[in-house]
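Asker: Taking the UniProt record's numbering, the leading residue of the sequence shown gets 1, the next gets one more, and so forth. Just so you know, even glycine gets a beta-carbon here, dropped at the ideal spot from N, CA and C. This one's a predicted model, so the numbers in the text were calculated from it and none came from an experiment. The following block contains the structure, expressed as structure tokens.
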Amino acid sequence: MSEYELRLAPDSGEDAEEQLRSLLHWLREDENLGPGVRGTLRSTAPPGAEDMGAGLDLVALIAGSALSSGSLVFSVLEWRAGRRRAPALVVRRGRVEVRIPADGAVDAGELRRIVAALGEDDGRTREPEGDDGTA
1 MSEYELRLAP DSGEDAEEQL RSLLHWLRED ENLGPGVRGT LRSTAPPGAE DMGAGLDLVA
61 LIAGSALSSG SLVFSVLEWR AGRRRAPALV VRRGRVEVRI PADGAVDAGE LRRIVAALGE
121 DDGRTREPEG DDGTA
């Protein structure tokens, strides 16, 4: 089993909770992922004193061992491409965090880099290039 976190980048300018609900619905309906992935919406921050509850700003996913990082990333990119304005995303697996910018399509080389950074080859989390924990 692999755990992933997906969130909108802080500068995405969109309603994060609505966008993440849409993404989670997309992933649940994707026939290529099927029952191999389970997800929930979560909050990373406690609610403020004036708030009735915390805002949901993260999709937490648990993927079965038969599901590849490539399939998951491809599905996320398909969802993103269908948005009126493609949001910037952050995908995290273990200590590895990959940022997908909002400025344009992801080509095959970039897709391979993202999948490799998330540990596709051997199923383990890999440290990305550099020392700041981002790819």
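Measuring only the C-alpha atoms, how far is VAL90 from ARG99?
Answerer: When rounded, the distance between both Cα atoms is 5 Å.
Asker: Quick check: the Cα distance between LEU8 and VAL96, rounded to an integer number of angstroms?
Answerer: Cα to Cα, the separation comes out at about 16 Å.
Asker: Just to check my reading of the structure: LEU67 and LEU33 have Cβ atoms closer than 8 Å, yes? What is that Cβ distance to the nearest angstrom?
Answerer: With a Cβ gap of about 6 Å, LEU67 and LEU33 count as contacting.
Asker: Just curious, the beta strand (DSSP E) that LEU111 is in, first and last residue?
Answerer: Unbroken run through LEU111 is the alpha helix (DSSP H), 108-117; no beta strand (DSSP E).
Asker: Please name the residue, chosen from ALA116, VAL73 and GLN19, that lies closest to VAL37 on a Cα-to-Cα basis.
Answerer: Selected option, being the one with the closest Cα: VAL73.
Asker: When the distance is taken between beta carbons, is LEU41 closer than 8 Å to ARG21?
Answerer: It is a contact, given that the beta carbons lie within the stated cut-off.
Asker: What residues in its chain sit with their C-beta under 6 Å from that of ALA88, if we drop five residues either side in the sequence?
Answerer: The residues are ALA9, SER12, PRO101 and ALA102.
Asker: Let me know the secondary structure DSSP gives LEU8 once reduced to three states.
Answerer: It is a strand residue.
Asker: Applying the 10 Å Cβ sphere with the 16-neighbour rule, what's the burial state of GLY39?
Answerer: The residue in question, GLY39, is buried, as its Cβ has 16 or more Cβ neighbours within 10 Å.
Asker: Could you name the residues that DSSP lists as bridge partners for VAL37?
Answerer: DSSP output for VAL37 lists ALA63 as bridge partner(s).
Asker: Taking all protein chains shown into account, do 16 or more other C-beta atoms lie within 10 angstroms of the C-beta of ALA81, making it buried, or fewer, making it exposed?
Answerer: ALA81 is exposed by the Cβ-count criterion.
Asker: Got a sec, what are the start and stop residues for the alpha helix (DSSP H) ARG80 sits in?
Answerer: Residues 69-81.
Asker: From the DSSP output, which residues share a beta bridge with ARG93?
Answerer: VAL96.
Asker: Indicate whether SER69 and ASP30 have their beta-carbon atoms separated by less than 8 Å.
Answerer: Cβ distance not < 8 Å, so SER69 and ASP30 don't count as in contact.
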